[in-house]
Amino acid sequence: MDSPAPTFIVNLDVPDLATAEAFYTQAFGLRIGRRLGTGATELLGGPTPLYLLQNADGSAAADDGDVRDYERHWTPIHLGWVVDDINVALSRAVAAGALIERPVSERAWGRLAVLADPFGHGFCLLQFVGKGYDALVE
Numbered sequence: 001m002d003s004p005a006p007t008f009i010v011n012l013d014v015p016d017l018a019t020a021e022a023f024y025t026q027a028f029g030l031r032i033g034r035r036l037g038t039g040a041t042e043l044l045g046g047p048t049p050l051y052l053l054q055n056a057d058g059s060a061a062a063d064d065g066d067v068r069d070y071e072r073h074w075t076p077i078h079l080g081w082v083v084d085d086i087n088v089a090l091s092r093a094v095a096a097g098a099l100i101e102r103p104v105s106e107r108a109w110g111r112l113a114v115l116a117d118p119f120g121h122g123f124c125l126l127q128f129v130g131k132g133y134d135a136l137v138e
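In terms of this note's numbering, the sequence shown opens at residue 1 and continues consecutively.
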């Protein structure tokens, strides 16, 4: 008998909780759920909760001596925001403080823009058109 798939949440380290709350609520229309003490906020409105975790720049990220760095960075795991209208979403994100790194481009599956939030986290805006990712299936 198969067990049910686990659920997941997304945790995002930020150096300034108030600024992060403002950015993610304004840019993506998320809403504050619970405040988990003074250093974490649950944001709701997406397919899974997004938890903003306040951690200072330079604080220990792992036991191996790795530390948090909020300079511009890219990780293999990043947020991809699927939107209905990429131009509206792009304007909203930029107005909230995002930086455009690659403007809107056309793909076989739709449209893509690459940005960074105010804390250096890279993210994408995706607008599926036609078959979306199914256009890539052979």
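C-beta: ideal position from N, C-alpha, C; glycine also.
Using a Cβ-Cβ cutoff of less than 8 Å, which residues in the same chain neighbour residue i once the five nearest sequence positions on both sides are dropped?
| i | result |
| --- | --- |
| G120 | D69, Y70, E71, R72, H73 |
| C124 | H78, L79, G80, W81, L112, A113, V114, L115 |
Take the Cβ of residue i as the centre, count every other Cβ of all protein chains shown within 10 Å, and call the residue buried at 16 or more, exposed below.
| i | result |
| --- | --- |
| T41 | buried |
| I86 | buried |
| A61 | exposed |
| V83 | buried |
| A95 | exposed |
| A18 | exposed |
Going by the beta-carbon positions, is the gap between residue i and residue j smaller than 7 Å?
| i | j | result |
| --- | --- | --- |
| L53 | L43 | no |
| L90 | A113 | yes |
| V67 | G58 | yes |
| H78 | G122 | yes |
In chain order, what residues of the same chain have a beta carbon less than 6 Å from the beta carbon of residue i, not counting five sequence neighbours either side?
| i | result |
| --- | --- |
| Y24 | L30, L43 |
Using only alpha-carbon positions, find the residue among the options that is nearest to residue i.
| i | options | result |
| --- | --- | --- |
| P6 | T38, A22, T48 | T48 |
| S105 | L126, G97, T75 | L126 |
| R107 | G130, D66, A22 | G130 |
| W109 | Y51, A135, I77, A20 | A135 |
Pull up the distance between the alpha-carbon of residue i and that of residue j, whole angstroms please.
| i | j | result |
| --- | --- | --- |
| S3 | V10 | 22 Å |
| P118 | G37 | 23 Å |
| A56 | V14 | 7 Å |
| D64 | R34 | 32 Å |
| F8 | Y51 | 11 Å |
| L99 | F28 | 15 Å |
Just to confirm my understanding: we take residue i, look at its own chain, exclude 5 residues before and 5 after, and list those with CB closer than 7 Å. What are they?
| i | result |
| --- | --- |
| F128 | V82, W109, G110 |
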